[in-house]
Structures are given as structure tokens and as C-alpha cells.
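In our numbering, the protein residues as written are 39 to 186.
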Ligand SMILES: CC(C)(COP(=O)(O)OP(=O)(O)OC[C@H]1O[C@@H](n2cnc3c(N)ncnc32)[C@H](O)[C@@H]1OP(=O)(O)O)[C@@H](O)C(=O)NCCC(=O)NCCS
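Right under this line is the structure:
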């Protein structure tokens, strides 16, 4: 069973391990530490209750009446088991409790699993940022969900 809970600094080594495993141009470890001290940021992990292993994580920011998804990832051994679903449901629950009007995110144009995930959650294509990503260089697709 997966439980979504607030991240602590003790979680960062495992979170960083997952980040390196599944993302092409990973965040640096200290970025995650900065999220813990950032009052705008919600940094949560999905923990497997039986083993206490961290299966994945999400980072989103709340800025006035907007939300921005900054990172979501799931360790490969836990993928396709509904972990990202649980993390996205959590974010949308927070958005709805905080009376948020819009959620924004961006995704690599080639990242089909993430695009399917966001479209499943009602995000609508909202434009392109050419060559936005590096390593490899790639366009960002912008997505938006509104109303929540
Ligand atoms: C994208 C990612 C977070 C999905 O995590 P996950 O836990 O495997 O996803 P879930 O099992 O909860 O699946 C939820 C939905 O996502 C979509 N999805 C996830 N993986 C998919 C795949 N390989 N192919 C197609 N759709 C996929 C589906 O819509 C799925 O719904 P369904 O099961 O009803 O079909 C995961 O693949 C990942 O960590 N990728 C690397 C990091 C990344 O790209 N993050 C996004 C950056 S913008």
C-alpha cells in the first residue's frame, strides 16, 4: 500500500537516487534540500507502507492562486503500479482545498508516459517552449488544468 507523506531531509538520498535513475537531466541533490525549506513548495514522497521504501515523489509550488508542478518521478521498480496516480491525486486535492484556479506544468515533448499521465488528469495542451530543455535539447510542452 502506498502512502503520500511530507518529505524530510532524511528522504533526500533515496529521492536523489530515484531522480538519477529515471530522469535524463536530474536535479542536483541540493535542489531537493532547498525545497524542504521553501515556504512555497510542497515536497511529498510516496512510501510503500510494508517496506518503508520511497517509491516516488512530487514537488509542486503554490503561488497565490496558481499551482506549478515542478517534479514528479517514480522509481522504475514501482512504475505502472499507480504511484504517480496517487501523487497527482494528492496535488489536485491540495489545489482544491486551497481554492487554486489553475495548475501549470511543462514536460519534454518526447516523454510519452508523463504526457499520458497529465492528459489522464485533465491537463490541456497550452503551448510550446522551443528548445527549453538541455541534455538532450528538446522542446517543452506546456499544459494547464483549469478549473480544478
Ligand atoms: C511518468 C511517471 C511519473 C509515471 O509514473 P507511474 O507511477 O509509472 O504511473 P502510474 O502507474 O500511476 O500511471 C498513471 C497513468 O500514467 C500514464 N502512464 C504511466 N506510465 C505510462 C507508460 N509507460 N506508457 C503510457 N502511459 C503511461 C497512464 O495514463 C497511466 O494511467 P493508466 O494506468 O490508467 O493507463 C514515471 O514514468 C516516471 O517517473 N518517469 C520518469 C520521470 C518523469 O518523466 N517525470 C515527469 C517529468 S515532466
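Where a beta carbon is used, it is the ideal one built from N, C-alpha and C, also for glycine.
### Query
Quick one, are the C-beta atoms of residue 85 and residue 118 less than 8 Å apart?
Numbered from 1 along the chain shown, position 47 holds the residue referred to as residue 85. Numbered from 1 along the chain shown, position 80 holds the residue referred to as residue 118. Not in contact: residue 85 and residue 118 (Cβ atoms no closer than 8 Å).
### Query
Distance, Cα to Cα, residue 176 vs residue 124?
For the purposes of this step, residue 176 is taken as the residue at position 138 of the chain shown. For the purposes of this step, residue 124 is taken as the residue at position 86 of the chain shown. Residue 176 and residue 124 have their alpha carbons spaced roughly 28 Å apart.
### Query
Hey, how far is the Cα of residue 149 from the Cα of residue 83?
Position 111 of the chain shown, counted from the start, is the residue given in the question as residue 149. Position 45 of the chain shown, counted from the start, is the residue given in the question as residue 83. Their backbone Cα atoms lie some 22 Å apart in a straight line.
#### Entry: Nearest-angstrom Cα separation, counted from residue 77 out to residue 181
In the chain shown, counting from the first residue as 1, residue 181 sits at position 143. In the chain shown, counting from the first residue as 1, residue 77 sits at position 39. Between residue 181 and residue 77, the C-alpha separation is close to 24 Å.
### Query
Based on Cα-Cα distance, which residue from 107, 135, 98 and 48 lies nearest to residue 90?
For the purposes of this step, residue 90 is identified with residue 52 of the chain shown, where counting begins at 1. From the listed residues 107, 135, 98 and 48, the smallest Cα separation to residue 90 is found for 48.
#### Entry: CB contact flag (residue 80, residue 98, <8 Å)
Within the chain shown, numbered from 1, the residue matching residue 80 stands at position 42. Within the chain shown, numbered from 1, the residue matching residue 98 stands at position 60. Here residue 80 is near residue 98, since their CB atoms are less than 8 Å apart.
### Query
Within the present structure, is the beta-carbon of residue 81 separated from the nearest heavy atom of ligand 1 by less than 7 Å?
To locate residue 81, count along the chain shown from 1; it is residue 43. No, the Cβ of residue 81 stays beyond 7 Å of every heavy atom of ligand 1.
### Query
Straight-line CA distance for residue 73 to residue 154?
In the chain shown, residue 73 corresponds to position 35, counting from 1. In the chain shown, residue 154 corresponds to position 116, counting from 1. In this structure, the straight-line span from the alpha carbon of residue 73 to that of residue 154 is close to 26 Å.
### Query
So what does DSSP say about residue 116, is it helix, strand or coil?
The residue labelled residue 116 in the question sits at position 78 within the chain shown. Taken through DSSP and simplified to helix, strand or coil, residue 116 comes out as helix.
### Message
On the criterion of 16 or more Cβ atoms from any shown chain inside 10 Å, does residue 163 qualify as buried, or is it exposed?
### Response
Position 125 of the chain shown, counting from 1, holds the residue named residue 163. Classification for residue 163: exposed.
### Task
Could you tell me whether any non-hydrogen atom of ligand 1 is closer than 7 Å to the CB of residue 178?
Looking up residue 178 in the chain shown gives position 140. Residue 178 Cβ: outside cutoff for every heavy atom of ligand 1.
### Query
Quick one, which of 63, 126, 103 and 101 has its alpha-carbon nearest residue 110's?
Position 72 of the chain shown holds residue 110. If we check each option's Cα against that of residue 110, 126 comes out closest.
### Query
How should residue 94 be labelled, buried or exposed, when 16 other C-beta atoms within 10 angstroms of its C-beta is the threshold for buried?
Locating residue 94 in the chain shown gives position 56, where the first residue counts as 1. By the Cβ-count criterion, residue 94 is buried, with 16 or more other Cβ atoms from all chains shown falling within 10 Å of its own Cβ.
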